[in-house]
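Below is one structure; the comments refer to it alone.
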Amino acid sequence: MRLMLLGLLSFWLRAFLVSGVFVEDAFEIDWQVENLGHYECVLESVEQGAFIILSSVDSGTLMSFVNETDGKLMYRQSWNSKASDAMMVPDGRHYLLKDYEGTVFAFDSSSGLPASTYDASDVDFVSSCRPDLTDVKVTSHSLQVLEPETQLEVLRLNTSATLDTIVFFNTDYSSTLKVLYSTTDGTYVFKSLKDQEVVNEWVREDLTGEIVAHAFINLVDDSLQTISEELAKENAFQNVWEAYLFRVSTNWDRLAGTFRDSGYSIGRVLTRLLKIDSDAASADRDVFFGTAKLLVLATDQGVIQALDIQDGSKVWRFDCGFDDVLFLDYSQETRELRVFARDGRYELYDLSDAYKPELKTQTSFNGGNIKSLSVLNSEEYLVEFESGEKQVVALESDGQMAGKTFITDHDRNGVYGHVVGENAILQDTWKIALSDSEELVAFASRQNEPVATLGQTLGDRSVLYKYLYPNLAAYITLDAQKDTLYVNLIDTVTGELLYTQFHEDKIDGGRPVSIVFGEYWFVYSYFSAEPIPEQKLVTVELYESLEANKRVSSATRKPELLKKTHKPKVTSQAYLFPEVIRRLTVSKTKFGITSKAIIMELENGQITYMPKEVLGARRVEESKMTDDAKKEYMAMPYISTIPLNDQSIITHSRKLLTGRHSQLVSVAANLESTSIVCDIGHDVFCTKIYPSGQFDIMSPDFEKGKLLATIVGLLILCYFLRPSVESAKLKKMWLVR
Ligand SMILES: *[C@@H]1O[C@H](CO)[C@@H](O)[C@H](O)[C@H]1NC(C)=O
Numbered sequence: 014m015r016l017m018l019l020g021l022l023s024f025w026l027r028a029f030l031v032s033g034v035f036v037e038d039a040f041e042i043d044w045q046v047e048n049l050g051h052y053e054c055v056l057e058s059v060e061q062g063a064f065i066i067l068s069s070v071d072s073g074t075l076m077s078f079v080n081e082t083d084g085k086l087m088y089r090q091s092w093n094s095k096a097s098d099a100m101m102v103p104d105g106r107h108y109l110l111k112d113y114e115g116t117v118f119a120f121d122s123s124s125g126l127p128a129s130t131y132d133a134s135d136v137d138f139v140s141s142c143r144p145d146l147t148d149v150k151v152t153s154h155s156l157q158v159l160e161p162e163t164q165l166e167v168l169r170l171n172t173s174a175t176l177d178t179i180v181f182f183n184t185d186y187s188s189t190l191k192v193l194y195s196t197t198d199g200t201y202v203f204k205s206l207k208d209q210e211v212v213n214e215w216v217r218e219d220l221t222g223e224i225v226a227h228a229f230i231n232l233v234d235d236s237l238q239t240i241s242e243e244l245a246k247e248n249a250f251q252n253v254w255e256a257y258l259f260r261v262s263t264n265w266d267r268l269a270g271t272f273r274d275s276g277y278s279i280g281r282v283l284t285r286l287l288k289i290d291s292d293a294a295s296a297d298r299d300v301f302f303g304t305a306k307l308l309v310l311a312t313d314q315g316v317i318q319a320l321d322i323q324d325g326s327k328v329w330r331f332d333c334g335f336d337d338v339l340f341l342d343y344s345q346e347t348r349e350l351r352v353f354a355r356d357g358r359y360e361l362y363d364l365s366d367a368y369k370p371e372l373k374t375q376t377s378f379n380g381g382n383i384k385s386l387s388v389l390n391s392e393e394y395l396v397e398f399e400s401g402e403k404q405v406v407a408l409e410s411d412g413q414m415a416g417k418t419f420i421t422d423h424d425r426n427g428v429y430g431h432v433v434g435e436n437a438i439l440q441d442t443w444k445i446a447l448s449d450s451e452e453l454v455a456f457a458s459r460q461n462e463p464v465a466t467l468g469q470t471l472g473d474r475s476v477l478y479k480y481l482y483p484n485l486a487a488y489i490t491l492d493a494q495k496d497t498l499y500v501n502l503i504d505t506v507t508g509e510l511l512y513t514q515f516h517e518d519k520i521d522g523g524r525p526v527s528i529v530f531g532e533y534w535f536v537y538s539y540f541s542a543e544p545i546p547e548q549k550l551v552t553v554e555l556y557e558s559l560e561a562n563k564r565v566s567s568a569t570r571k572p573e574l575l576k577k578t579h580k581p582k583v584t585s586q587a588y589l590f591p592e593v594i595r596r597l598t599v600s601k602t603k604f605g606i607t608s609k610a611i612i613m614e615l616e617n618g619q620i621t622y623m624p625k626e627v628l629g630a631r632r633v634e635e636s637k638m639t640d641d642a643k644k645e646y647m648a649m650p651y652i653s654t655i656p657l658n659d660q661s662i663i664t665h666s667r668k669l670l671t672g673r674h675s676q677l678v679s680v681a682a683n684l685e686s687t688s689i690v691c692d693i694g695h696d697v698f699c700t701k702i703y704p705s706g707q708f709d710i711m712s713p714d715f716e717k718g719k720l721l722a723t724i725v726g727l728l729i730l731c732y733f734l735r736p737s738v739e740s741a742k743l744k745k746m747w748l749v750r
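First residue of the sequence shown: 14, per the working numbering; consecutive thereafter.
Right, dumping it as structure tokens:
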């Protein structure tokens, strides 16, 4: 009975805290760009009224079925080999793909599924991929079809001046014509003619190529700027009363200004107040709440493209001229977008107007090709060149660093510590080298983010102090010889090993291993083959002491980085998860007050999340829980398998094609409750999540009008009641007892 009650309780808690995407929200707050990739071959399925567009993804082929009438994507299928050529079989019901070994495979042209019963051996393979353009003349604004013998024009189609390549072409040389071509500004245009009339025409704006880098641009709200300036001014006053006077007078000026703007009419002021929530103001509101951002993507074709994070619409696009973009970065301070190429060149774009990027400079690092690049702060980067040399490069300033900076770097073979002194020279400090059979498979360091509480409050009101030493990193290595996974926690300043644990349950090295680091914990996932193949999720929590109310660190002294620090006390717990996890990340919010959620990209193309509390490292079996322990926030008895909650699948019915190099990222909005989550891979998907519910947003049924009307009503009532109250008072004074 108690177990049931507790189960019910935790269910309710979960139901309240994990607000899922509900029907009215689905497809409203999230969007997906279904990328078709670079059109390598286009086949026509006449029976379906569709085009079958072939493109390559990772090491396979993607077959996208696009409706010929309106250009909308119908569905996609993947084939895990690369196609070198394709052919539409004359019967129209099948098509053939040839791989690079020359083997031909048949597919059903109405579903894209392999047609294993179809015998392709007696079909003469003739490629359908290269449109026959011998009798076609392309001029700057039109395309002419010539009669094969007389070379006289039979059909003419107006085309855009930006026409680049014709990817599909079909005509009967008398009345019908179908053309699909790409343009230099990254779109695909389709037109079909019948008897001189345009029957169908559409444009697809697909991403050009595979995404290799991304960055977020915050659209800044200038009204927040004024407010923060006012607050700064207020803080500068020595005297509290002066500060108070300043606040009152500025607010008074603002109120007077509102009245002045409304022509001193109370009615107009009221209507303005009521209108604030209307749609016209919603764009401003998005900026104010920090949900207005641009997602900038760079593709392997050298295209830089910005999408609106609210709905995925294209904002701007340009060709950067690099075909090997390595990294994108946006600096909020200088409002600059930086594009780095693998060969060491880089470009800076001015984005003072976020809607109009302008090239400022193009230069290059001297050091040859770049192996990797990471951000240190808004001006400085750690660049590792292919020669093995590492440099700290400052883009604009004169390379002055404030004091010493410690940098930790890693690759497959080890973890390396560096220090940058005042002269901006990088020196090696420590190094963790792995053995030959060992490989580093995942790494996560503690991010410098605001911490809301120092401790975890237990059910009996005592506190477990979190281990909040800032310079921590955890990494996972896989030893192929011993089939063992090692998890290590290190101090990134000294390289000291603070904690280690390992797993010997026959790790599947072919499956992804992922790790995330939150404020005082880390969570990692791996797939093991023994005793039965299963996805595991392990939490490690770090405390100053496992004894309640015992604090080791000092509240007033900052930790001295190079002195011996106390090691964390660690608890850990492992869970099973029903789906294969590809990637993990943790939700980010502005102030770190909202409870953290673990966001997971699953191998089946879905994204889900769960509160970190569900993965608690201190969860114990029901029988071992004391009554006090049950009172703790979100206390739940330990259950080995964490169920997949349908409500928390944030991709709901969508299926993402994430690709091998996808990235799952979370960025904060100005609203503390809201975290923006994007998955950037072959497809792009973004949504918003509220790990603790939308506690800072008024519910839609909040009746502002009624509230204001009540206030006005009360004021009027006061106005009328005043004379009678006055006279009552007067009478009372004259009353002779
Ligand atoms: C293609 O689009 C047209 C127009 O939107 C629609 O009428 C038709 O049913 C679609 N065809 C398929 C196969 O979905």
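All C-beta atoms, glycine included, are put in the ideal place defined by N, C-alpha and C.
Remember, predicted model here, so these are calculated numbers, not experimental data.
From the options, residue whose alpha carbon lies closest to that of residue i
{"i": "T175", "options": "A228, T189, G199", "result": "G199"}
{"i": "Y429", "options": "K444, N436, E435", "result": "K444"}
{"i": "L684", "options": "Q404, Q707, K373, L491", "result": "Q707"}
{"i": "L308", "options": "A457, I693, D449", "result": "I693"}
{"i": "Q660", "options": "L439, Y622, D321, S377", "result": "Y622"}
{"i": "L372", "options": "E349, L389, G357", "result": "E349"}
{"i": "S141", "options": "I65, L159, K204", "result": "I65"}
{"i": "L193", "options": "D185, F203, S187", "result": "F203"}
{"i": "Q13", "options": "D696, S187, N183", "result": "Outside the displayed span of the chain (14 to 750) sits residue 13, for which this structure offers no information."}
{"i": "L408", "options": "K246, N390, D185", "result": "N390"}
{"i": "N183", "options": "T196, Q157, D177", "result": "Q157"}
{"i": "V526", "options": "Q514, L498, L510", "result": "L498"}
{"i": "D112", "options": "Y88, T74, Y131", "result": "T74"}
{"i": "D696", "options": "P581, L628, L220", "result": "L220"}
{"i": "D641", "options": "K742, Y703, L471", "result": "L471"}
{"i": "R524", "options": "L657, A542, I655", "result": "A542"}
{"i": "L511", "options": "A437, V529, K582, K384", "result": "K582"}
{"i": "D422", "options": "M638, D121, K403", "result": "K403"}
{"i": "F138", "options": "S129, V167, V149, Y108", "result": "Y108"}
Three-pair Cβ contact test at 8 Å for the segment 582 to 594 versus the segment 548 to 561: yes
Environment of ligand 1 in chain order, Cβ to heavy atom below 5 Å: N80, T82, D83
The segment 78 to 85 contacting the segment 205 to 215, beta-carbon criterion three pairs below 8 Å: yes
Any 3 or more C-beta pairs closer than 8 Å across the segment 638 to 653 and the segment 679 to 697: no
Cβ contact check for the segment 489 to 508 and the segment 664 to 671: 3 or more pairs under 8 Å: no
Segment contact, 8 Å Cβ cut-off, at least three pairs: the segment 599 to 614 with the segment 503 to 521: no
Three or more C-beta pairs below 8 Å linking the segment 468 to 477 and the segment 387 to 401: no
Three CB pairs or more closer than 8 Å across the segment 452 to 468 and the segment 481 to 488: yes
contact_flag[the segment 317 to 333, the segment 48 to 58] where n(CB pairs < 8 Å) is 3 or more: no
Runs of alpha helix (DSSP H) lying entirely within the segment 451 to 514, each at least 4 residues, in chain order: none
Uninterrupted beta strand (DSSP E) stretches inside the segment 313 to 401 (no shorter than 3 residues): 316 to 321, 327 to 332, 338 to 344, 349 to 354, 358 to 363, 371 to 377, 383 to 388, 393 to 398
Entirely enclosed alpha helix (DSSP H) segments - the segment 206 to 278, minimum 4 residues: 235 to 249, 253 to 274
Length-filtered (3 minimum) beta strand (DSSP E) runs lying within the segment 622 to 699: 676 to 681, 688 to 693
Three or more C-beta pairs below 8 Å linking the segment 115 to 131 and the segment 142 to 151: no
Validate contact between the segment 273 to 289 and the segment 327 to 344 using beta carbons, cut 8 Å, 3 pairs: no
Segment contact flag, the segment 627 to 645 with the segment 720 to 738, C-beta cutoff 8 Å, min 3 pairs: no
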